[in-house]
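J.:
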Amino acid sequence: MKTMNVSLVGVGGQGILLTSDILAKTATLAGCDVKKSEIHGMAQRGGSVISQVRFGDKVYSPIIPDGTSDLLVSFDRLETLRWRHLLAPNGKVLMNDTYITPITVSSGQQPEVEDLSGKLAAEYPDLLKIDAMQLAESLGNTRTMNMVIAGALSSLTPFGTELWQEAMRQRIPAKLIDLNLKAFDLGRQAVL
Amino acid sequence: MSHKVLLSANEAVAWAACKAGCHVASAYPGTPSTEILENIAKFKDTINCEWAVNEKVAMEVAVGASIAGARALTAMKHVGLNVAMDPLMTYTYVGTNGGLVIVSADDPGMHSSQNEQDNRNIAKFARAPLFEPADSQEAFDMVQAAFEVSEQFHAPCFIRLTTRTSHTSTVVDVGDDFGPGNTPVKPYVKDISRTIPVPMFARGQRLKAQERTAALRTFAETSPFNRIEPGDRRLGIVTSGVCYQYVKEVFPEFSVLKLGLSNPLPFELIRKFAESVDKLLVVEELDPFLEEQLLAMGLELVRHETELNMLEMNPTRLIALRKELLGDVELPAVKRADAGLPTRPPVLCAGCSHRGVFYTLAKLGATVTGDIGCYTLGAFPPLNAMDTTICMGASIGNAFGMEKAGHKGRIAAVLGDSTFFHSGMTGILNVLYNGGKVTTVVLDNRITGMTGHQDNPGSGKTLTGDPAPVTDIAEVARGMGYKRVEKVSAYDLPKLEAVLKEAMDSDEPAVVIAGGPCRIAAKLTRAGTYAVDTEKCKACGACFKLGCPAIVRGEAVADGKRFKSSIDPNQCAGCGLCPQVCKFDAIKKIR
Ligand SMILES: Cc1ncc(C[n+]2csc(CCOP(=O)(O)OP(=O)(O)O)c2C)c(N)n1
Ligand code: SF4
Ligand code: SF4
Ligand code: SF4
Chain A
0 MKTMNVSLVG
10 VGGQGILLTS
20 DILAKTATLA
30 GCDVKKSEIH
40 GMAQRGGSVI
50 SQVRFGDKVY
60 SPIIPDGTSD
70 LLVSFDRLET
80 LRWRHLLAPN
90 GKVLMNDTYI
100 TPITVSSGQQ
110 PEVEDLSGKL
120 AAEYPDLLKI
130 DAMQLAESLG
140 NTRTMNMVIA
150 GALSSLTPFG
160 TELWQEAMRQ
170 RIPAKLIDLN
180 LKAFDLGRQA
190 VL
Chain B
0 MSHKVLLSAN
10 EAVAWAACKA
20 GCHVASAYPG
30 TPSTEILENI
40 AKFKDTINCE
50 WAVNEKVAME
60 VAVGASIAGA
70 RALTAMKHVG
80 LNVAMDPLMT
90 YTYVGTNGGL
100 VIVSADDPGM
110 HSSQNEQDNR
120 NIAKFARAPL
130 FEPADSQEAF
140 DMVQAAFEVS
150 EQFHAPCFIR
160 LTTRTSHTST
170 VVDVGDDFGP
180 GNTPVKPYVK
190 DISRTIPVPM
200 FARGQRLKAQ
210 ERTAALRTFA
220 ETSPFNRIEP
230 GDRRLGIVTS
240 GVCYQYVKEV
250 FPEFSVLKLG
260 LSNPLPFELI
270 RKFAESVDKL
280 LVVEELDPFL
290 EEQLLAMGLE
300 LVRHETELNM
310 LEMNPTRLIA
320 LRKELLGDVE
330 LPAVKRADAG
340 LPTRPPVLCA
350 GCSHRGVFYT
360 LAKLGATVTG
370 DIGCYTLGAF
380 PPLNAMDTTI
390 CMGASIGNAF
400 GMEKAGHKGR
410 IAAVLGDSTF
420 FHSGMTGILN
430 VLYNGGKVTT
440 VVLDNRITGM
450 TGHQDNPGSG
460 KTLTGDPAPV
470 TDIAEVARGM
480 GYKRVEKVSA
490 YDLPKLEAVL
500 KEAMDSDEPA
510 VVIAGGPCRI
520 AAKLTRAGTY
530 AVDTEKCKAC
540 GACFKLGCPA
550 IVRGEAVADG
560 KRFKSSIDPN
570 QCAGCGLCPQ
580 VCKFDAIKKI
590 R
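Which chain is which? The protein sequence lines are A and B, in order.
0 is the number of the first residue of the first sequence in numbering that gives the first Met the number 0; add one for each residue after it.
0 is the number of the first residue of the second sequence in numbering that gives the first Met the number 0; add one for each residue after it.
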């Protein structure tokens, strides 16, 4: 199997690291060689976050070179634009259709991006969007948003649902697993 | 038989320590090394482990355990090793009894550090063997080997991780027999000719250290961690650590000499490799550590324009190198989004107890010598309340130095509780002893926040979650002889202002302890909610000066240049600071 490069980006506190962890575990269960690399922000919430997962027969570099991500999974609209340089020419983009206003904008230090939607559409004509926040709300727990995104992401990977679910069981506490599996299903259905 | 798990190199170090039968582990947190001890704590049944108050003490505890015959490990970030140098540089003469493994986690690219250091230089300086894992499997294997080597050669052994190994998870075969090794503690036999290096003994030890280096070099020649991977002989690449992965990615067809045990260098193996290839290239991260030694060996190396010796290595940089040297690749096409997207810098959390202190110090026009922790963020807009940050504990000496230099106006040294215990105590004693009048402000949030909320002597708990005595910083200062010691709530702005002003304007040294728990660690992020009454809000902008991420722009007022304030109820932590700065009584608690 050719190495697949997945970059996951967003804002600290959105559950990106758990999502990338589960992707990496799923790939491990599938027997792939895997590397998952992340830059831990500082303890505070709200900064830009990136995690990179590579899997295939043999993976060397933990860092995905710019311009070679097969898949960019973004948890926030603005971050989707910020990490444009990661994407390979024929790469796919899965975007959570949510926007968290950066403190620099909300406090008036920097201007708001003009026409974010227009810019996104121009940069990514085949952008795959999912409103994971709304789907998570429909389950009564917005903290499952990351598993909704994982569900959507699963449909873009070569791994079957069973493997994903097994990875989730290994990683998520028993009392929360059913809710999270539901969130995963919702996300998967939403993009199929 | 194999048993495969996905582990970061930090986790792998902990698993290996368990398997090697490590008895004692001591460390002080620091990114990217922190998770090593956090994971060792999971093996607390067999490894006696702790958060030390600083790296020097951690090293001393590990050294003591090693002297007593136990296998010991200490771990720290690169700058932590600077603090621990003193015991290291002598223990390397004394030599180990039980194996001693020192993990240095370097941070190329300064993802979360104030500088970049290549601590391979320190291993060489200390005449200590050095392993450089390229992934978690190697971290797992090398830590176990390091304990053996440390005991065989009586040398403390280094493991050098970098951010990219520490924080990358890779598949590790831990073996299906994984479990705690039962290495016995070696007997301790008193021998002061070894453990008391007074000059008459130390000179002998010095010679022994030299002989040991020679013996280790011979050992490195045949170590399985130093291997030649033959390939196209037109180019031979010497590499180590995570750079090996980038080399395999970008120069897959060429011959490689991978150095896993990279100090002391196996000269013969390197020469043999050099002779087997047409041209020799070195690829390493940070300093030209291998390169300079290879040049000193008289070897000819490929010269290139592509800069490799600073900041983090990555495959893109090697693609640029390949393009320069071979001209057979192009850099991947990269499309960038518009420049000028709003940034998302880290900010003090909503409700953080540090905020009010900086707000007040800025209001009082103080020069603030700062320190390292979450609170370093007080330096940035809109608080703008910090002048310097050098290294942990430096705030106090720096303030005193400025005072001695005749700096005019108010001066405050500001540091956190963990930083105070780490290296602030000697600083305040020095001020007192030498007749200074520095005001030291301790931001006492009872946790080591920045590195992800580790316990410390003020938090009442140890690494393993056991209860511990709570050290009262005020009592520490009083015990030293400080007369002006004040405790004040970090959320009481009027009192903070009065206390800080009086302390800075007085002619005696002072310690002010501004207390308030870290909102994240104490799970107080939902302690209440405040809201702005838009009728009453006069868009004066005062509350924006706090830099609380929950306070956002509301509607514009008539002139269009000013904005009313609004509080995001999902972010407000209910700390109650903002109502205190609103002169129009527009902010009210709603929950
Ligand atoms: C010598 C050294 N060791 C460790 C670190 C990593 N480090 C940065 S800040 C910090 C602790 C800060 O804790 P505290 O002083 O309590 O402040 P808080 O982050 O809680 O505000 C640590 C351990 C460092 N920068 N230098
Ligand atoms: S993690 Fe704690 S100390 Fe750090 S900014 Fe947040 S509330 Fe403040
Ligand atoms: S301080 Fe009060 S009046 Fe001024 S902007 Fe804030 S809420 Fe409005
Ligand atoms: S009370 Fe005010 S300062 Fe405190 S967290 Fe809420 S909005 Fe921020």
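The beta-carbon is built from N, C-alpha and C at its ideal position, and this holds for glycine as well.
Which residue's Cα is closest to the Cα of S458/B: D327/B, D471/B, A213/B and M449/B?
T.: Residue numbering aside, residue 458/B sits at position 459 when the second sequence is read from its first letter. The option with the nearest alpha carbon to S458/B is D471/B.
J.: Just how far apart, CA to CA, sit E507/B and K362/B?
T.: Sequence index remark: in the second sequence, residue 507/B carries index 508 (1-based). Sequence index remark: in the second sequence, residue 362/B carries index 363 (1-based). Looking at the two C-alpha atoms, the distance is approximately 22 Å.
J.: Might you give, ordered along the chain, the residues of its own chain that have their beta carbon closer than 6 Å to the beta carbon of S254/B, omitting 5 neighbours on each side?
T.: For the purposes of this step, residue 254/B is identified with residue 255 of the second sequence, where counting begins at 1. Correct list, in chain order: P229, G230, R232, G235 and V276.
J.: Would you kindly work out how many angstroms separate the C-alpha atoms of S359/B and N444/B, rounded to a whole number?
T.: As a working mapping, residue 359/B is identified with position 360 in the second sequence. As a working mapping, residue 444/B is identified with position 445 in the second sequence. In the sequence under discussion, the amino acid at residue 359/B is Thr, which differs from the Ser named in the question. Between T359/B and N444/B, the C-alpha separation is close to 17 Å.
J.: Strictly under 8 Å for the Cβ-Cβ distance: is M194/A near chain B by that measure?
T.: Any answer about residue 194/A is impossible in this case: the structure gives chain A only from 0 up to 191.
J.: Could you check where the alpha helix (DSSP H) with M58/B kicks off and where it finishes?
T.: Taking the second sequence and counting its residues from 1, the one referred to as residue 58/B is at position 59. Residues E54 to I66.
J.: Given N47/B, which residues of its chain have a CB within under 7 Å of its CB, disregarding the five upstream and five downstream residues?
T.: The residue you call residue 47/B lines up with position 48 of the second sequence. The residues are H22 and V23.
J.: Give a yes or no on whether the minimum CB-CB distance between E248/B and chain A is below 8 Å.
T.: Translated into positions along the second sequence, residue 248/B becomes position 249. At least one chain A Cβ lies under 8 Å of E248/B.
J.: Using CA atoms only, rank isn't needed, just tell me which of K24/A, S73/A, E136/A and R83/A is closest to A151/A.
T.: Counting from 1 along the first sequence, the entry for residue 151/A is found at position 152. Ranking K24/A, S73/A, E136/A and R83/A by Cα distance to A151/A puts S73/A first.
J.: Tell me which same chain residues have a C-beta within less than 6 Å of the C-beta of Q51/A, skipping the five on either side of it?
T.: Numbered from 1 along the first sequence, position 52 holds the residue referred to as residue 51/A. Correct list, in chain order: S6, S36 and I63.
J.: Which one of F157/B, V184/B and P128/B has the shortest CA to CA distance from A214/B?
T.: The residue given as residue 214/B occupies position 215 in the second sequence. That would be P128/B, whose Cα lies nearest to the Cα of A214/B.
J.: I need the DSSP call for L320/B, collapsed to helix, strand or coil.
T.: The residue you call residue 320/B lines up with position 321 of the second sequence. Helix, per DSSP.
J.: State buried or exposed for N181/B, treating a residue as buried only when at least 16 other CB atoms are found within 10 Å of its CB.
T.: The residue given as residue 181/B occupies position 182 in the second sequence. Classification for N181/B: exposed.
J.: Below 8 Å on the Cβ atoms is my guess for K18/B versus T463/B; work out the distance and round it to an integer in Å.
T.: Position 19 of the second sequence, counted from the first residue, corresponds to residue 18/B. Position 464 of the second sequence, counted from the first residue, corresponds to residue 463/B. So it is not a contact: roughly 20 Å between Cβ atoms.
J.: Does the beta-carbon distance from V301/B to K278/B come in below 8 Å?
T.: Taking the second sequence and counting its residues from 1, one reaches residue 301/B at position 302. Taking the second sequence and counting its residues from 1, one reaches residue 278/B at position 279. In this structure, K278/B lies closer than 8 Å to V301/B by Cβ.
J.: Rounded to the nearest angstrom, what separates V52/B and G45/A at their Cα positions?
T.: As a first step, residue 52/B must be located in the second sequence, where it is residue number 53. As a first step, residue 45/A must be located in the first sequence, where it is residue number 46. Looking at the two C-alpha atoms, the distance is approximately 29 Å.
J.: Using only the heavy atoms of ligand 4, determine whether one of them is closer than 7 Å to the beta carbon of C156/B.
T.: Looking up residue 156/B in the second sequence gives position 157. No, since every heavy atom of ligand 4 falls outside the 7 Å radius drawn around the Cβ of C156/B.
J.: So for A24/B, helix, strand or coil by DSSP?
T.: In the second sequence, residue 24/B corresponds to position 25, counting from 1. Reduced to three states, the DSSP call for A24/B is strand.
J.: With H, G and I counted as helix, E and B as strand and the rest as coil, what does DSSP make of V184/B?
T.: Here residue 184/B is taken as the residue at index 185 of the second sequence, counted from 1. The answer is coil: DSSP assigns V184/B none of H, G, I, E or B.
J.: How would you call P314/B, buried or exposed, if buried means at least 16 neighbouring beta carbons within 10 angstroms?
T.: If you number the second sequence from 1, residue 314/B lands on position 315. Label assigned to P314/B: buried.
J.: Closest by CA to C547/B, which one among G573/B, T305/B and N397/B?
T.: Against the second sequence, residue 547/B aligns to sequence position 548. Here the closest residue by C-alpha is G573/B.
J.: Measuring only the C-alpha atoms, how far is Q453/B from V62/B?
T.: Locating residue 453/B in the second sequence gives position 454, where the first residue counts as 1. Locating residue 62/B in the second sequence gives position 63, where the first residue counts as 1. Q453/B and V62/B: Cα-Cα distance of roughly 23 Å.
J.: So which residues of chain A does T167/B contact, with C-beta pairs closer than 7 Å?
T.: Reading the second sequence from its first residue, position 168 is the one you call residue 167/B. Result: K34, K35, S36 and P61.
J.: Count the other CB atoms within 10 Å of the CB of D177/A; is the residue buried (16 or more) or exposed (fewer)?
T.: Position 178 of the first sequence, counted from the first residue, corresponds to residue 177/A. Under this definition D177/A is an exposed residue.
J.: Could you pull out every unbroken alpha helix (DSSP H) segment of at least 4 residues lying fully inside the segment 216–253 of chain B, listed in chain order?
T.: The segment 216–253 of chain B contains these whole alpha helix (DSSP H) runs: 242–249.
J.: Relative to ligand 1, is the shortest distance from any of its heavy atoms to the C-beta of Y27/B smaller than 7 Å?
T.: In the second sequence, the residue the question calls residue 27/B occupies position 28. Y27/B: yes, Cβ under 7 Å from ligand 1.
J.: Within 8 Å, do at least three Cβ pairs link the segment 111–118 of chain A to the segment 372–381 of chain B?
T.: Judged by Cβ distances under 8 Å, the segment 372–381 of chain B makes no contact with the segment 111–118 of chain A, as fewer than three pairs qualify.
J.: Just the C-alpha distance for S222/B and N433/B, rounded to the nearest angstrom, thanks.
T.: For this step, residue 222/B is matched to residue 223 along the second sequence. For this step, residue 433/B is matched to residue 434 along the second sequence. Each residue's alpha carbon lies about 54 Å from the other.
J.: Can you pull out the residues from the segment 106–128 of chain A whose beta carbon lies closer than 8 Å to at least one beta carbon of chain B?
T.: Correct list: S106, G107, Q108, Q109, P110, E111, V112, K118 and E122.
J.: Looking at the C-beta of S111/B, does it have a partner C-beta in chain A at a distance below 8 Å?
T.: Walking along the second sequence from the start, residue 111/B turns up at place 112. S111/B counts as touching chain A.
J.: If I follow the unbroken beta strand (DSSP E) through I519/B, where does it start and stop?
T.: If you number the second sequence from 1, residue 519/B lands on position 520. Unbroken run through I519/B: none, as it is neither H nor E.
J.: Find the nearest neighbour of K3/B within the set I171/A, T27/A and S60/A, judged by alpha-carbon distance.
T.: Here the question's residue 3/B lines up with position 4 in the second sequence. Ranking the options by Cα distance to K3/B, first place goes to T27/A.
J.: Shorter than 8 Å from the beta carbon of G573/B to some beta carbon of chain A?
T.: Locating residue 573/B in the second sequence gives position 574, where the first residue counts as 1. It does not; no Cβ of chain A falls within 8 Å.
J.: Based on the DSSP output, what are the partners of N114/B in its beta bridges?
T.: Taking the first residue of the second sequence as position 1, residue 114/B is located at position 115. Paired residue(s): none; N114/B is not in a bridge.
J.: For Y529/B, verify whether its CB is less than 7 Å away from any heavy atom of ligand 4.
T.: Walking along the second sequence from the start, residue 529/B turns up at place 530. Yes.
J.: Keeping to the same chain, check which residues put their C-beta closer than 6 Å to that of G185/B; ignore five residues upstream and five downstream.
T.: Locating residue 185/B in the second sequence gives position 186, where the first residue counts as 1. Strictly speaking, residue 185/B in this sequence is Lys, with Gly absent from that position. Here the set comprises G68, N96 and G97.
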